[in-house]
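Novice: Shown below is the structure under consideration.
What follows is the structure, given as C-alpha cells:
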C-alpha cells in the first residue's frame, strides 16, 4: 500500500473516533487539555491495536483465499463505509461516559471495531502492519483531540459530516483496491 493510500485509509478509519470525540466534547462540561489528550490517546491506541489483531487473524488464512482477497477487502470497506454513512444520518448518540480508563477504553474499542475488519483485509495486501497501525493510531489520536475541541464549540453537524466523509473515504478506498487488482495485476 502506498503512502497516500495509507494516509487516506487512516483518515477514513479515524472518522468514527473523530465523530465520537466531537460528541464527547459536546457532552462534557470540562474541556481541559488533559481530557482532550486522554480521548486522543485512548482512541489512537485502540485504532492502532485493532488492525494488528485483524492482520494477525487474516494472516492465518491469507494463502487459502489469496485469489479473492481483493474482493474481501472491497466488501469489508464497502460495508464499513455504508455503515458509517448510515450512522452519519442519526440525530442522537449517547456517549456521555466519564474520563476514567474503563470508560475511555469502552469508547476506544467501540470506535475501532471497523479497524479490526480493515486489519483482516490488510493481511491480504502484504503490507507493513507496524507502519500502517502506527500511522492509523497517530492520525486517529490527532483527529480525536481536534474533534474533542470542535465538539466543545460546534455540535452534531460536525459529527455527522465526519462520519459521512469517513464512509465515503472507505468506500472509495475499497473501489481503488478492487480496480487496482482487477486491472493492474
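Residue numbers (my numbering): 387 to 571.
C-beta atoms are modelled at their ideal positions from N, C-alpha and C, and glycine is treated no differently.
Just to confirm the assignment, what range does the alpha helix (DSSP H) spanning residue 446 have?
Specialist: For the purposes of this step, residue 446 is taken as residue 60 along the chain shown, with counting starting at 1. Premise fails: residue 446 is in no alpha helix (DSSP H) and is neither H nor E.
Novice: Going by C-alpha distance, which of 403, 562, 419 and 510 is nearest residue 445?
Specialist: Residue mapping note: residue 445 aligns to position 59 of the chain shown, counting from 1. Cα-wise, what sits closest to residue 445 is 510.
Novice: Mind checking which residues open and close the alpha helix (DSSP H) that includes residue 528?
Specialist: Here residue 528 corresponds to residue number 142 of the chain shown, with the count starting at 1. Run containing residue 528: 515-537, per the alpha helix (DSSP H) assignment.
Novice: Return the first residue and the last residue of the alpha helix (DSSP H) that residue 500 is part of.
Specialist: For the purposes of this step, residue 500 is identified with residue 114 of the chain shown, where counting begins at 1. Residue 500 -> alpha helix (DSSP H) spans 499-508.
Novice: So, does the CB of residue 549 fall closer than 8 Å to a CB anywhere in chain D?
Specialist: Of the protein chains in the structure, only one exists, and it is not chain D.
Novice: Hey, how far is the Cα of residue 535 from the Cα of residue 410?
Specialist: One-based indexing of the chain shown puts residue 535 at position 149. One-based indexing of the chain shown puts residue 410 at position 24. Cα to Cα, residue 535 sits roughly 9 Å from residue 410.
Novice: Give me, in chain order, the residues of the same chain whose beta-carbon lies closer than 6 Å to that of residue 474; leave out the 5 immediate sequence neighbours on both sides.
Specialist: By one-based count along the chain shown, residue 474 stands at place 88. Result list for residue 474: 546, 549 and 550, in chain order.
Novice: With DSSP as the reference, label residue 566 as helix, strand or coil.
Specialist: Taking the first residue of the chain shown as 1, we reach residue 566 at position 180. Correct three-state label for residue 566: helix.
Novice: Does the distance from the CB of residue 497 to the CB of residue 392 come in under 8 Å?
Specialist: Position 111 of the chain shown, counting from 1, holds the residue named residue 497. Position 6 of the chain shown, counting from 1, holds the residue named residue 392. Not in contact: residue 497 and residue 392 (Cβ atoms no closer than 8 Å).
Novice: Please state whether the Cβ-Cβ distance between residue 458 and residue 494 is less than 8 Å.
Specialist: Counting from 1 along the chain shown, the entry for residue 458 is found at position 72. Counting from 1 along the chain shown, the entry for residue 494 is found at position 108. No, the pair does not count as a contact, with Cβ atoms beyond the cut-off.
Novice: Under the three-state reduction of DSSP, which class applies to residue 387: helix, strand or coil?
Specialist: Residue mapping note: residue 387 aligns to position 1 of the chain shown, counting from 1. Looking at residue 387 - three-state DSSP - the assignment turns out to be coil, as it is neither helix nor strand.
Novice: Please report the distance separating the alpha-carbon of residue 454 from that of residue 430.
Specialist: By one-based count along the chain shown, residue 454 stands at place 68. By one-based count along the chain shown, residue 430 stands at place 44. Computed Cα separation, rounded: 30 Å.
Novice: Can you have a look at residue 516 and say buried or exposed, based on whether 16 or more other CB atoms are within 10 angstroms of its CB?
Specialist: To locate residue 516, count along the chain shown from 1; it is residue 130. Residue 516 should be labelled exposed.
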